[in-house]
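Structure, as C-alpha cells:
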Ligand SMILES: NC(=O)c1ccc[n+]([C@@H]2O[C@H](COP(=O)([O-])OP(=O)(O)OC[C@H]3O[C@@H](n4cnc5c(N)ncnc54)[C@H](OP(=O)(O)O)[C@@H]3O)[C@@H](O)[C@H]2O)c1
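As C-alpha cells, this is what we get:
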C-alpha cells in the first residue's frame, strides 16, 4: 500500500474550498495520476465554516498547528484577509514553519512569493523541501510548469502577458460597451471579479507580483519586485480605447519581461490581429519566447475557485510523484536596462484648445526631438457630437522613440499655452512582430 501524501489545508475561502472540492470529488481519478494518493488530512481557517464538507478531515482555527501535526506532509496555504499585511505575515510564518518542520508547501500567494520568495525559496532549497506555487500566477494556466518544465531546454528571451483578470475585464467592458472606467470597475465588483479595495488590481501591483515571479523563473535572477516598473489602468478612458481601435489597436494591461531589461507592467496598445489582443474578460494569457521553440502562448482562466484549485492540486500531484517544480539555481542579478532605455511607438492624447496652431506647435516639438508622426486623429467639437468644447483631443501615433525622449516631449507639449491638461500616453507593444 503506497504511503499517502497527507495534506494540511490553511484557509477555507474561495480557493481553499475549491481545493477541498477537487480533492474529494474525484479522489479515484487523482489516485490514478500519482503513485501516492492525496489525502486531505487537516483543515484550518480563521472562521469555522461547518457548511463545507471536509470528507472527515478535522477542522481547527489554528493554522500554525498544521506545522507540528504528525499527519501532515505538505501544507497548502490559501490564506487571505482584508488586512493584507496580517495575512502575509500569517502565510509567511506558516510556510517558514513548514520548511523548518521538513514539510512541503504549496501556495497560491503571489504577494508572498514576490515579496518574501528569495529567503523562503532559498530555505526550501537548502532543506530539500518540495514546493509549488503554480496558482500564484495566471490561476489555472500552467505557465510556471511551462517555464520550468516544458520550455526547460530554452533560453527564454522574453515573455509578455495579461496576468490580472480584473484589469482585463474592466478594459474589455470599456471597449465593448463604451463604459467609463468607474462604471466598468463597479460592474467588476458587482460580479465578484474585483475586490472591495481594487487598488492591487487596477494599480498594477498584483500584475507586478506575478511578473516578478515569471521573470525570476524565466531568467534565473533573484526575485525583485521593487525592480518592476508599474503603471495601472486608472488613466485609461473609453475614448483612448475607441481611438486605439481606429488606429488598429486594442488596449491591454500587460506585464513584459525581456532578458536584460527592466520588467514592466503598464497599459499597451497591441495590434488588433495579435493573439493576446483577442484575450478578453477575466482570462489571462502569457506569451513566452524561447530561443529554440520560438513563441508559445498560454491562455485560460486566471482566477476562480476551480481553476486555482486545479493549479494547486497539480502541484500536489507533482510532489506525490516526487517530481516537484524545479526552482532556479541561485544567481546574481545581471545588469538590466532601465525602462528609460526602452524604445517603442507611443500613442499620445493631447488635450488642446480648440483653436488653430496648436497641432503645428506639437509637431514642431516632436520634430525637434527627432520623432516622426505615423498617424493623427483630430476632430473638432462638432465632429465629436458636442455643441462646443473648451478643448479637443489631438491623438498622435508616433514612430519609435526612446522612453526618456518621450518623457521630455510630453513635458514640453504640456508646457504649451494651447495644451489644457495632462497628456495621455500609452506605449505600443512591440515584440518583433511575433505577438
Ligand atoms: N480567488 C482567486 O481566484 C485566486 C486566484 C489565484 C490566487 N489566489 C490567492 O489565493 C489566496 C486565497 O485567496 P481567496 O480568494 O481564497 O481568499 P478568501 O476567499 O478571502 O479566503 C481566505 C481564507 O483565509 C482565511 N484566513 C485569513 N487569515 C487567516 C489566518 N491567519 N489563519 C487561517 N486562515 C486565515 C480566511 O478566513 P475568514 O473566513 O475568517 O476570512 C478565509 O477562509 C490568496 O493568496 C490569493 O491571492 C486567489
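Numbering (our numbering), first residue to last: 9 to 443.
We put the beta carbon where it would ideally sit given N, CA and C, even for glycine.
What you are looking at is a predicted structure, and each value in this text was computed from that prediction instead of being measured.
Three-way DSSP call (helix, strand, coil) for residue i in this model
i: residue 351; result: strand
i: residue 197; result: helix
i: residue 261; result: strand
i: residue 443; result: At residue 443 the pLDDT is 40, less than 50, meaning the model places this residue with poor confidence and gives no usable figure here.
i: residue 241; result: coil
i: residue 274; result: strand
i: residue 433; result: strand
i: residue 266; result: strand
i: residue 175; result: helix
i: residue 87; result: coil
i: residue 68; result: strand
i: residue 27; result: helix
i: residue 279; result: strand
i: residue 160; result: coil
i: residue 18; result: strand
i: residue 56; result: coil
i: residue 80; result: coil
i: residue 418; result: helix
i: residue 62; result: coil
i: residue 108; result: helix
i: residue 255; result: coil
Cβ-based neighbour list, residue i, same chain, cut-off 7 Å, excluding 5 preceding and 5 following
i: residue 441; result: Because the pLDDT at residue 441 is just 45, under 50, the model does not fix this residue reliably, and the value given afterwards should be weighed accordingly. Same-chain partners within the cutoff: there are none.
i: residue 81; result: 13, 14, 111 and 112
i: residue 44; result: 10, 11, 12, 13 and 328
i: residue 63; result: 32 and 48
i: residue 499; result: Residue 499 lies beyond the residue range present for the chain, which begins at 9 and ends at 443; the question has no answer from this structure.
Cross-strand partners of residue i (DSSP beta bridge)
i: residue 406; result: 381
i: residue 139; result: 113
i: residue 295; result: 168 and 305
i: residue 46; result: 13
i: residue 94; result: Paired residue(s): none; residue 94 is not in a bridge.
i: residue 401; result: 359
i: residue 149; result: In DSSP, residue 149 forms no bridge with anything.
i: residue 427; result: 360
i: residue 290; result: Its beta-bridge partners do not exist; DSSP assigns none.
i: residue 51; result: 17 and 67
Other residues of its chain near residue i: CB distance less than 8 Å, five sequence neighbours each side excluded
i: residue 196; result: 174, 177, 178, 181, 202 and 206
i: residue 438; result: 352, 353 and 408
i: residue 399; result: 359, 360, 361, 362, 428 and 429
i: residue 431; result: 356, 357, 358, 359, 418, 421 and 422
Residues near residue i in its chain [Cβ-Cβ closer than 6 Å; skip 5 each side]
i: residue 258; result: 278, 280 and 285
i: residue 129; result: 335
i: residue 155; result: 225 and 226
i: residue 403; result: 251, 357 and 385
i: residue 223; result: 265 and 271
i: residue 350; result: 411
i: residue 89; result: 95
i: residue 87; result: 18, 19, 95, 98 and 99
i: residue 274; result: 239
i: residue 92; result: none
Chain C contact for residue i (CB, 8 Å cutoff)
i: residue 208; result: In the displayed structure, chain C is absent; only one protein chain is listed.
Quick check for students: name the residue ranges of the beta strand (DSSP E) that lie wholly in the region 321 to 391, counting only runs of 3 or more.
With a minimum length of 3 residues, the unbroken runs of beta strand (DSSP E) contained wholly in the region 321 to 391 fall at 354 to 361 and 381 to 386.
Uninterrupted alpha helix (DSSP H) stretches inside the region 184 to 234 (no shorter than 4 residues):
Those alpha helix (DSSP H) runs which fall completely within the region 184 to 234 and span 4+ residues are 189 to 198, 207 to 210 and 213 to 227.
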